[in-house]
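Novice:
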Amino acid sequence: MAGKTIKLWLNHQQHELLERAVADGAAPSLEALVKRAIAESQPLPAGQPEVK
Amino acid sequence: MSERQPVFEWIMQPGTGKALELRKGQILRIEQVLGAQCVDFNCFNLHDYKEFMHCGRTRTVHGFNPSKGTFLWSAPPRERAMMYIAEDTYGRNDVLFPRCSAYLYESAYGYHTHTNCHDIQSEAQREYGLTPDDVHDSFNMFMCTEVTLEGSATITRQQSRKGDHIDLIALMDVLAVPNVCGADVMRTSNFGLKPIRLQIFEATDEEMAAVPATPTLRSQRTPKDFVNSQIKATRELVADESYVPQFANTPLPETPLEIELDAEETARFEALARRSIYGDDDDSALRDIVFSWWENRYLSSASGAPRISTAE
Ligand SMILES: [Zn+2]
């Protein structure tokens, strides 16, 4: 699978919450934080509805 | 505390309620005289009746059956713990059902006039100048309810006994308004009406110390923080010509953050993206992943529920 670039659109409140996680040391930058979230999230078990 | 002398005692007869002033640090005991009697309950900040117990907030924090060890919360924007349930010997209460009302007994049972919690609450709090429109949804004590899988709420019979009681500690000065539920033709109180004993005690230092701390936050606003703090004195609603909206944090424009994913990250993203909700909208799917991760890592309460502990 090829890589891709995604534009993540955030308002200032959403931005602030993630910036706080960066300031808290969760990642060196917002981009790194997003990549960490992708890396640490678990795919849904088969059969679980995606809305939950 | 059974040997302690009450500073006030009252037997609430069927069909009646009682408005009681409680000072911070006093305990209201609501006790079954014969058993199997539902009691509806409201409370107000004694010094500002616009702050009142809010079942919606209480139910979000504590679930459908608040019992020993939980709080009664006031409505937003106050959202303060008004009272603490220090004891609850039966352990079945309800914050799903609104108070029963005259409409219920007329529409479903054909009564012209019938004892009902709304009108009993109105009559009890009239002693303090409040109107029938000032009654709020009640904390229904000793009331057994269930939620079906289909999502509707139902009432069941109850098994509270003589002596079963609930102790509420006032965490601020309140006007507390309990009433004997008027439902004698329903299973709520097993098809009967029975008296209820009310007692007020002074809480001991130990009892006050046992109340868990709750947060004090800037968001718990009082009239001094309101743009409009005047209680409206007329009934007609008329637009204010000078009104200028002051919605907080607006406008809310979005700015883009470019995230370059390599092949492996892209594959992982594709496995996580909730396509049945977001379709081919990568932006929304990624925002879901990021904020769900944040919830897992940082949120100490259920999604959408306020946090009430002060511990880290
Ligand atoms: Zn009732």
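In order, the protein sequence lines correspond to chains A and B.
Under this note's numbering, read the first sequence as residues 61 to 112, first letter to last.
Under this note's numbering, read the second sequence as residues 138 to 449, first letter to last.
Note that the Cβ used here is the ideal one computed from N, Cα and C, for glycine as well.
This structure is a prediction, so every number in the text was calculated from the model and none was measured.
1) Run through the region 182-267 of chain B for me and flag every whole beta strand (DSSP E) of 3 or more residues, listed as ranges in chain order.
2) Can you tell which of B:Glu401, B:Asp256, B:Glu432 has its C-alpha closest to the C-alpha of Ala62 (chain A)?
3) Between Arg298 (chain B) and the rest of its own chain, which residues show a CB-CB distance below 6 Å, the 5 nearest in sequence each way excluded?
4) Relative to ligand 1, is the shortest distance from any of its heavy atoms to the C-beta of Cys180 (chain B) smaller than 7 Å?
5) How long is the line joining the alpha carbons of Ser211 (chain B) and Asp274 (chain B), rounded to whole angstroms?
6) Short check: CB of Thr447 (chain B) to CB of Pro352 (chain B), under 8 Å?
7) From the beta carbon of Ser429 (chain B), is the nearest beta carbon of chain A less than 8 Å away?
8) Mind listing the chain A neighbours of Ala400 (chain B)? Cutoff is C-beta to C-beta under 8 Å, in chain order.
9) Please state whether DSSP places Ile368 (chain B) in a helix, a strand or coil.
10) Counting only beta-carbon atoms, is Glu449 (chain B) nearer than 8 Å to chain A?
11) How should His72 (chain A) be labelled, buried or exposed, when 16 other C-beta atoms within 10 angstroms of its C-beta is the threshold for buried?
12) Between Ser475 (chain B) and Ala290 (chain B), what straight-line distance do the alpha-carbon atoms span, to the nearest angstrom?
13) Can you give the beta carbon distance from Ser204 (chain B) to Ile222 (chain B), rounded, assuming they're within the 8 Å contact cut?
14) Candidates B:His199, B:Trp147, B:Ile148, B:Phe181: which alpha carbon is nearest Ala442 (chain B)'s?
15) State the beta-bridge partners of Lys67 (chain A) as determined by DSSP.
16) What residue ranges within the region 307-372 of chain B form continuous beta strand (DSSP E) runs of no fewer than 3 residues, ordered along the chain?
17) Assuming contact is defined by CB atoms lying nearer than 8 Å, are Gln169 (chain B) and Val317 (chain B) in contact in what I supplied?
18) Closest Cβ-Cβ distance between Val82 (chain A) and chain B: below 8 Å?
19) With respect to 7 Å, is the separation between the Cβ of Gly319 (chain B) and the closest non-hydrogen atom of ligand 1 below this value?
20) For Arg411 (chain B), collect the residues of the same chain with a Cβ closer than 8 Å to its Cβ; drop the 5 residues on either side in sequence, then sort them by chain order.
21) Pull up the distance between the alpha-carbon of Tyr248 (chain B) and that of Pro214 (chain B), whole angstroms please.
22) Any heavy atom of ligand 1 closer than 7 Å to the CB of Cys192 (chain B)?
23) Run the proximity test for Cys254 (chain B): is its beta-carbon closer than 7 Å to any non-hydrogen atom belonging to ligand 1?
Specialist: The answer reads as follows:
1) 185-189, 208-210, 218-225
2) Comparing Cα positions, the closest option is B:Glu401.
3) Gly172
4) no
5) 12 Å
6) Taking a C-beta distance under 8 Å as the contact criterion, Thr447 (chain B) and Pro352 (chain B) qualify as a contact pair.
7) yes
8) Chain A residues near Ala400 (chain B): Met61, Ala62, Gly63.
9) coil
10) Per-residue confidence for Glu449 (chain B) stands at a pLDDT of 48, beneath the threshold of 50, marking its modelled position as unreliable; no derived number is given.
11) exposed
12) Because chain B is modelled from 138 through 449, residue 475 (chain B) falls outside the range shown and cannot be assessed.
13) 6 Å
14) Nearest C-alpha to Ala442 (chain B): B:His199.
15) DSSP output for Lys67 (chain A) lists B:Glu395 as bridge partner(s).
16) 311-317, 333-339
17) no
18) no
19) Yes.
20) The beta carbon of Arg411 (chain B) lies closer than 8 Å to those of Ala422, Asp425 in the same chain, with the five residues before and after it left out.
21) 39 Å
22) no
23) yes
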